[in-house]
Amino acid sequence: MTPPAGAFCRPVAAPPENATGAASLDPPADAVLAELPFLDSDEPNRVFVDLARAGGRPLHMLLDTGAADCVLTPLYARSLGVSVRAVKDTPYRRPTRLGRDLLFWVDTRSSDTGSKTGWEYGLLGGTFLAEYVIDLDFAARRVRFLDAERYEVPESSSEPDEAVVPIRIVGNRPAIDVAIGGQSLTVMVDTGAPIPGVLSGVAAKRVGLESRPLPGLGAAGVWGPVEVEFAEAESLRIGRFELSHVPLLVAPNGWYNTGTSSDSIIGYDVLAQFHVRIDYPRQRLWLRRVPSSPVTYAGVSYAEQRRAGALVHPRKNGLVVNAVFPGSAAERLGLRAGDFIERRESETRAAFETRAFETIADGRAITVARELNDAWVDVPLPDGLPETTAGDAKD
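This is the structure in structure tokens:
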């Protein structure tokens, strides 16, 4: 299967005459209320931060601009010392290092003992974020909470690598207009989505984007599994910037509770092409293009995945295969959705990914961990004969 042309980003419109260069200025020190690193996790495309005060119990939260409110699952809330009650009509409260309490709810709708999805988490949503200018530096893996009274995103920028885009706050969540294939579409800006984006079936038809099922491909949200298909947008434009060959998921029967009429989002992989500032009070989005940043899917080079013919999600110790393209090198090799490719301890993540994709694309022998009969076994490909029990390689 022929890989797409190299992804790139180019200006598509001249800046307005009254633009200023002020957006490129760094916020003054007294505007920075907190500067927090992205916490290490098993998924690199997540913005986890610790909001705890110095010396306090950790308060790890997923910064999720696609969440309207701040919500914890019951088990995670109990791990923080919260006394969870099945019936409560006021939010729980915890102090934070920003000098402002976090007000949150515990989701007990399906159970007061665990999450419906099996994933325990805390979402830092719009009811907290909307008071600030949120500065997301994906390349440096840090977020800064800026005082909206001491710093604001200007109305425009004349810098060639910057753009200022108006946003709309819908249910405490930011939405912007993008262009896909030249057709305008309103999408939610969702830092909680670890992929490039999801379009509803209706939105995909509106912009002329064709999708198809891929064996094994799936997605899950806070309400559980969602049926999805795969699509590739030849062009996705935000402001003056255009990304090429962007992988997207399409939910034929709709996504879930995104708060816009299109029922569609852009996620981490698209946003990570830029240094981003979201000015909630003034409803502006500032973007600075990251030089030489390739388009990714789940944080991994999409061009490499497409050439090999397998969509993957990275883990700390390897790659999980999410789907295999029909007729691809991965399919010919015998790779299946759910297979796990383990990284050697001596390899860097970048070196491992390059080696794995080149091996698959060239059709050379590779061993994967595969779940068979409720046990994980090593399977050499292309022969596909089990060797020895590998244990739960994904842990």
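Per the working numbering, the sequence shown starts with residue 775, numbered consecutively. Here a beta-carbon is modelled for each residue, glycine too, at the ideal position from N, C-alpha and C. The structure presented is a predicted model; accordingly, all values stated were derived computationally and were not measured.
Remark: C-beta atoms of residue 1029 and residue 938 do not approach each other more closely than 8 Å. Straight-line measurement puts the Cα of residue 1079 at about 15 Å from the Cα of residue 1089. Check the Cα spacing between residue 964 and each of 1037, 1017 and 925: the tightest is with 1037. Going by DSSP, residue 848 is part of the alpha helix (DSSP H) stretching over 848-853. Residue 881 holds the alpha-carbon nearest to the alpha-carbon of residue 859 among 881, 838 and 877. Where residue 1141 is concerned, the enclosing beta strand (DSSP E) starts and stops at 1140-1146.
Rounded to the nearest angstrom, the Cβ distance from residue 833 to residue 868 is 6 Å, consistent with a contact under 8 Å. The beta carbons of residue 1135 and residue 1081 sit about 5 Å from each other, so the pair counts as a contact at 8 Å. Taking the CA atoms as reference points, residue 1093 sits about 9 Å from residue 1126.
Of the candidates 1132, 972 and 1129, the residue whose Cα lies closest to the Cα of residue 1020 is 972. By the C-beta criterion, the segment 1047-1059 is judged not to be in contact with the segment 845-859, since fewer than 3 inter-stretch pairs fall below 8 Å. The segment 975-995 makes contact with the segment 1102-1112, as at least three CB pairs between them are under 8 Å. Distance between residue 1122 and residue 1109, taken at the CA atoms: about 23 Å.
The alpha-carbon separation between residue 919 and residue 1139 amounts to approximately 48 Å. By a beta-carbon distance limit of 8 Å, residue 1024 contacts residue 975. Their separation comes to about 6 Å.
Residue environment: residue 1113 is assigned as buried (16 or more neighbouring CB atoms within 10 Å of its CB, all protein chains considered).
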